[in-house]
Amino acid sequence: MLDTLLHGQEEQSSQLEQDGVEVVRGDLRDPDARARALDGVDEVVNLAAIVGDPACAREPEVSEEVNVNAARALATEAQQAGVRRFVFASTCSNYGRMADPTVPITEDGELAPVSLYARQKVSVEQALLGGEFDGLPVTCLRFATVYGVAPRMRFDLTVNEFTRDLWADRELEVFGEQFWRPYVHVRDAGRGIRTVLEADDGKVVGEVFNVGRSGENYRKLDLVEIIQEKVDRGKVSFVRRDEDPRDYKVSFDKVRERLGYETLMTVPDGIAEVAGALDEGKFEDPWDARYRNIP
Ligand SMILES: NC(=O)c1ccc[n+]([C@@H]2O[C@H](COP(=O)([O-])OP(=O)(O)OC[C@H]3O[C@@H](n4cnc5c(N)ncnc54)[C@H](O)[C@@H]3O)[C@@H](O)[C@H]2O)c1
Numbered sequence: 248m249l250d251t252l253l254h255g256q257e258e259q260s261s262q263l264e265q266d267g268v269e270v271v272r273g274d275l276r277d278p279d280a281r282a283r284a285l286d287g288v289d290e291v292v293n294l295a296a297i298v299g300d301p302a303c304a305r306e307p308e309v310s311e312e313v314n315v316n317a318a319r320a321l322a323t324e325a326q327q328a329g330v331r332r333f334v335f336a337s338t339c340s341n342y343g344r345m346a347d348p349t350v351p352i353t354e355d356g357e358l359a360p361v362s363l364y365a366r367q368k369v370s371v372e373q374a375l376l377g378g379e380f381d382g383l384p385v386t387c388l389r390f391a392t393v394y395g396v397a398p399r400m401r402f403d404l405t406v407n408e409f410t411r412d413l414w415a416d417r418e419l420e421v422f423g424e425q426f427w428r429p430y431v432h433v434r435d436a437g438r439g440i441r442t443v444l445e446a447d448d449g450k451v452v453g454e455v456f457n458v459g460r461s462g463e464n465y466r467k468l469d470l471v472e473i474i475q476e477k478v479d480r481g482k483v484s485f486v487r488r489d490e491d492p493r494d495y496k497v498s499f500d501k502v503r504e505r506l507g508y509e510t511l512m513t514v515p516d517g518i519a520e521v522a523g524a525l526d527e528g529k530f531e532d533p534w535d536a537r538y539r540n541i542p
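Quick note: to get our numbering, add 247 to the position in the sequence shown (first position is 1).
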């Protein structure tokens with residue numbers, strides 16, 4: 248694993264090493280670090296990135312270097328190394344603002360990214376699938392928005408953030424409450440990658456898959472309702488804001504039909520899991536900066 252531990256994930260990487268994972272603490276932008284990470288490897292999964300619209304908008308040059316230039320350099324070197332598989336972590340954010348968000352969009356649907364982050368992901372996808380890295384056995388996975396309890400907990404992801412705030416009896420400000428978005432549990436996201444790595448080449452090489460479940464598209468309004476039912480606390484105020492106009496409902500039929508992939512968790516399961524972990528006091532201070540990607 249190559250990771251610069253941007254968010255101070257020392258504890259998690261030490262645990263991975265104890266579990267037998269070879270961790271290269273380095274920057275994806277550094278050719279030497281990439282060479283060390285690629286040495287002897289036959290499957291590459293590019294997860295490393297500056298993740299999310301706010302983080303990319305904050306440091307546009309760095310995000311371009313990491314999310315586009317370094318991702319492309321990695322693909323070139325993986326191609327030269329003759330790897331068996333190259334999986335690129337992309338995002339359903341690529342669908343942006345759909346003309347008709349009530350009809351779930353498939354992998355062939357129009358991409359309408361509304362942020363720098365999504366434009367960067369779209370540009371790498373297009374390079375990977377457009378034949379620029381001839382012979383590289385590529386699969387692009389467009390993940391739904393992730394939620395759930397993870398070794399490096401994230402409280403800046405919608406489901407987790409809303410659950411934390413209402414659980415703590417705070418007032419939650421919600422904008423764009425009518426907008427649709429798909430969600431996937433972090434372990435199901437991981438299982439999606441494994442499914443692709445284990446599938447026959449013919450089913451996955453040169454393909455894009457949305458990773459999630461068709462029944463798991465929600466409006467923020469729905470999330471709030473489910474959480475309040477669960478924790479019975481907190482106040483919600485709906486506000487108007489122009490930023491983040493993403494509105495997309497996604498179909499996950501292809502990954503299910505072609506690869507037999509089914510998610511195991513639903514958003515209500517994830518909400519119960521996060522609320523349970525908060526009840527147990529698993530996080531000393533759930534508002535601590537280590538649980539989010541931007542300060
Ligand atoms: N979280 C989501 O909802 C979501 C949804 C769709 C797609 N994705 C994609 O999945 C992947 C993983 O996202 P995540 O949510 O786990 O985010 P994350 O921020 O937790 O993970 C990204 C990792 O990349 C590392 N990293 C950042 N810059 C680096 C660099 N220059 N060199 C080496 N490592 C670097 C970070 O330290 C971090 O461990 C990303 O590619 C993201 O775009 C995430």
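Note that the Cβ used here is the ideal one computed from N, Cα and C, for glycine as well.
By the C-beta density criterion, VAL271 is buried, having at least 16 other C-beta atoms within 10 angstroms. In the three-state reduction of the DSSP assignment, SER362 falls in the coil class, being assigned neither a helical nor a strand state. For GLN373, the closest of ALA284, VAL458, SER337, PHE485 by C-alpha to C-alpha distance is SER337.
Ranked by how close their Cα comes to the Cα of GLU472, the residues ARG488, ASP277, TRP414, ARG401 have TRP414 in first place. Of TYR508, ARG441, PRO307, the smallest CA-CA separation from ARG332 is found for ARG441. Rounded to whole angstroms, the gap between the alpha carbons of ALA304 and ALA365 is 11 Å. Scanning VAL396, LEU506, GLY255 for the CA closest to the CA of GLU527 turns up VAL396. A distance criterion of 7 Å places the beta-carbon of ARG503 beyond contact range of ligand 1, judged by its closest non-hydrogen atom. Its chain contains GLY481 as the residues whose beta carbon lies nearer than 7 Å to that of ARG417, once the 5 sequence neighbours on both sides are disregarded; these appear in chain order.
Looking at VAL483, GLU379, VAL369, GLY449, the one whose alpha-carbon comes closest to that of LEU506 is GLY449. For GLU258, the closest C-alpha among the options ARG434, PHE422, PRO398 is that of PRO398. Of the heavy atoms belonging to ligand 1, at least one sits nearer than 7 Å to the Cβ of THR338. For CYS387, the enclosing beta strand (DSSP E) covers residues 385 to 390. Rounded to the nearest whole angstrom, the C-alpha separation of TYR342 and LEU358 is 5 Å. Counting the other CB atoms within 10 Å of its CB gives GLY517 a total of 16 or more, which places it among the buried residues. From the listed residues PRO278, VAL421, LEU252, the smallest Cα separation to PHE485 is found for VAL421. Distances taken from the Cβ of ARG428 to the heavy atoms of ligand 1 include none shorter than 7 Å. A distance below 8 Å separates the beta carbons of LEU388 and GLY439. Straight through space, the alpha carbons of ARG428 and ASP435 are spaced by roughly 17 Å. In chain order, LYS496 place their CB closer than 8 Å to the CB of VAL350, counting only its own chain and leaving out the 5 sequence neighbours on each side.
In the structure shown, TYR495 falls within a coil segment according to DSSP collapsed to helix, strand and coil.
Scanning VAL268, GLN265, SER260, LEU321 for the CA closest to the CA of ALA280 turns up LEU321.
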